[in-house]
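> Mind having a look at this structure? Questions to follow.
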């Protein structure tokens with residue numbers, strides 16, 4: 639099962655290393671990790687996506703709460719949160735395919751951020767379902783490169 643965990647932490651040196659070490663020490667591979675400051679510059683929000691069973695993840699959550707620089711931990715359940723991710727995708731493009739690519743971008747509200755003779759770079763923001771559907775359609779054109787932020791999330 640995939641879990642999305644939000645961790646509010648003190649914005650200090652070494653906090654990320656300690657938290658990542660806690661996950662790796664339990665044998666969890668972090669699927670995505672996103673860290674950024676909150677409205678309070680002394681506090682950062684970490685959004686961590688991991689796969690694992692509920693029992694072990696509950697144990698990890700309890701151990702996270704014991705770390706000195708951890709302010710709050712929340713294991714989001716489906717429907718309890720709003721999430722987004724940002725993706726830049728470079729797609730092969732020809733004169734023939736460019737109009738179709740632009741039409742798909744319009745449907746998904748994606749932005750073309752760079753145009754080269756043989757490719758387009760597209761920015762798309764959305765939840766995981768929207769982004770994955772868009773990438774599925776882009777595969778037909780030939781994906782040349784991808785950069786993803788990973789999931790960010792807030793409670794509803």
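In this note's numbering, the protein residues as written are 639 to 794.
Cβ coordinates follow ideal geometry from the N, Cα and C atoms, glycine included.
Remember, predicted model here, so these are calculated numbers, not experimental data.
1) Taking the beta strand (DSSP E) that residue 749 belongs to, which residues open and close that run?
2) Which word fits residue 776, buried or exposed, when buried means at least 16 other C-beta atoms lie within 10 angstroms of its C-beta?
3) Compare the Cα-Cα distances from residue 710 to each of 791, 639, 647 and report the closest residue.
4) Pick helix, strand or coil for residue 640, following the three-state DSSP scheme.
5) Candidates 680, 696, 732: which alpha carbon is nearest residue 779's?
6) In angstroms with no decimal places, state the Cα-to-Cα distance between residue 718 and residue 752.
7) Would residue 672 and residue 788 qualify as a contact pair, given that the criterion is a beta-carbon distance under 8 Å?
8) For residue 726, name the three-state secondary structure that DSSP assigns.
9) Using 8 Å as the threshold, is the stretch 693-703 in touch with the stretch 737-755, meaning 3 or more CB pairs across them?
Quick answer:
1) 749-753
2) buried
3) 647
4) strand
5) 732
6) 36 Å
7) yes
8) strand
9) no
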